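Under our numbering, the sequence shown has 342 at position 136, and the numbering climbs by one with no breaks.
Heads up, the beta-carbon is just placed ideally off N, CA and C, and yes, glycines get one too.
Here the structure is a predicted model, which is why all the values come from computation and not from measurement.
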Amino acid sequence: MSFLPLIMLEVMLPIFILLLLGAVLHRIYDFHLSTLSKLLTGLFLPVVIFTNISTMEVESSVLLEVGAFLLIQFFFLALFAGVCARLFGMDAKLTATFKNSVVLMNSGNFGLPVSQLVFASNPLGVSIQIIVLMFQNFLTFTYGVFTSATTQKTEIKENLSPLFKTPTIYALALGLVFYIFNLSLPKAAEQVLNQIAAGFTALALLVLGAQIAYPKLKYLSTVFFFTISLRLMGAPLIALGIIWLLQLEGTIAQALFIASSFPMSRNSALFALEYDNYPEYAAQSVLISTILGGLTVSVVIFLSQIWFG
């Protein structure tokens, strides 16, 4: 895949066909999204994480490079979002949602399927995306929750509790144990997990499509479009600067550059709804960034292959 149209045809088109299919089927059959979401986050995603982490072939130096990149990227995104919120004169509730919309990205439902397609013949690229996904999960239930909760009076213990209820955290820990000690599962168990993992991409995209099946566009403003631009274009530019700063190359640079470009996380909309922090603005931002992400992520994939391929 060396040309932009080919990337859009072979990577983005299958993704958006599944998104559209999920939206259409939800309109016809009225899926119980809560159940599907629990199935996805409670079974399919943890299995994908465990199977990839336990079998990955990543050197410790790579883990250090990826970890350094993710920490620096988080610092600059959070700092830049905070500065922009002050410049725009946002109130506390809008600031909380704006920060989460910029910092938190959809590394699961959207990002992992994209990476699985882009790096179909390169396991290292998928492994790096799994690491990014886990870091984002950690940020979601620490930074994301605390940022949202700043508009409310809640206890630290209450804010942290969702982190320890997330199956992906335990899947990561178990996968690391198998990876560090070079353990393996019985053949039958391995086959079952592989079959579940094989269904993740389709289910994740169908569920994401169902979640955006009923678009409502009311909260259109300068802040709204600036938020989307910052997540889809500003974040990759910041990532590019960090890649050059750390002198990252090859698959590592390519995977991290692509991972930085993914649309907003649906969790930012869920937190906005839970804490009443401009929920309509958050939901619409997730919707539009997901739709526009088809083009912007394609461009980033194309550039990543030119610069780091």
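Helix, strand or coil, according to DSSP, for residue i in the structure here?
| i | result |
| --- | --- |
| residue 214 | helix |
| residue 311 | strand |
| residue 470 | strand |
| residue 370 | helix |
| residue 512 | helix |
| residue 304 | helix |
| residue 418 | coil |
| residue 286 | helix |
| residue 505 | helix |
| residue 424 | coil |
| residue 177 | Residue 177 lies beyond the range of the chain shown here (207 to 515); nothing can be said about it. |
| residue 516 | Outside the displayed span of the chain (207 to 515) sits residue 516, for which this structure offers no information. |
| residue 335 | helix |
| residue 443 | helix |
Report all residues from its chain with a CB closer than 6 Å to the CB of residue i; omit the five preceding and five following residues, and keep chain order.
| i | result |
| --- | --- |
| residue 264 | 333 |
| residue 460 | 510 and 514 |
With a threshold of 7 Å between beta carbons, is residue i in contact with chain B?
| i | result |
| --- | --- |
| residue 330 | No chain B is present in this structure, which holds just one protein chain. |
Does the Cβ-Cβ distance between residue i and residue j come in under 7 Å?
| i | j | result |
| --- | --- | --- |
| residue 327 | residue 477 | no |
| residue 285 | residue 457 | no |
| residue 484 | residue 357 | no |
| residue 210 | residue 416 | no |
| residue 308 | residue 283 | yes |
| residue 472 | residue 503 | no |
| residue 260 | residue 381 | yes |
| residue 495 | residue 437 | yes |
| residue 336 | residue 388 | no |
Spatial neighbours of residue i within its chain, please: CB distance less than 7 Å, with the 5 preceding and 5 following residues excluded, ordered by chain position.
| i | result |
| --- | --- |
| residue 506 | 442, 463, 464 and 467 |
Are there three or more Cβ pairs, one per stretch, closer than 8 Å when the segment 300-319 is compared with the segment 395-410? Yes, since at least three Cβ pairs between the segment 300-319 and the segment 395-410 fall closer than 8 Å, the two stretches touch.
Can you find at least 3 beta carbon pairs, one from the segment 494-514 and one from the segment 457-472, that sit closer than 8 Å? With three or more CB-CB distances shorter than 8 Å, the segment 494-514 counts as touching the segment 457-472.
Does the segment 262-281 touch the segment 420-429, meaning 3 or more C-beta pairs lie closer than 8 Å? Below 8 Å, too few C-beta pairs join the segment 420-429 and the segment 262-281 to call them touching: fewer than three.
Check whether the segment 399-406 and the segment 217-225 touch, using three or more Cβ-Cβ pairs below 8 Å as the test. Short answer: they don't touch.
Kindly confirm or deny that the segment 335-348 and the segment 370-378 touch, where touching means at least three C-beta pairs closer than 8 Å. Here the segment 335-348 makes contact with the segment 370-378; the two share three or more CB pairs at distances below 8 Å.
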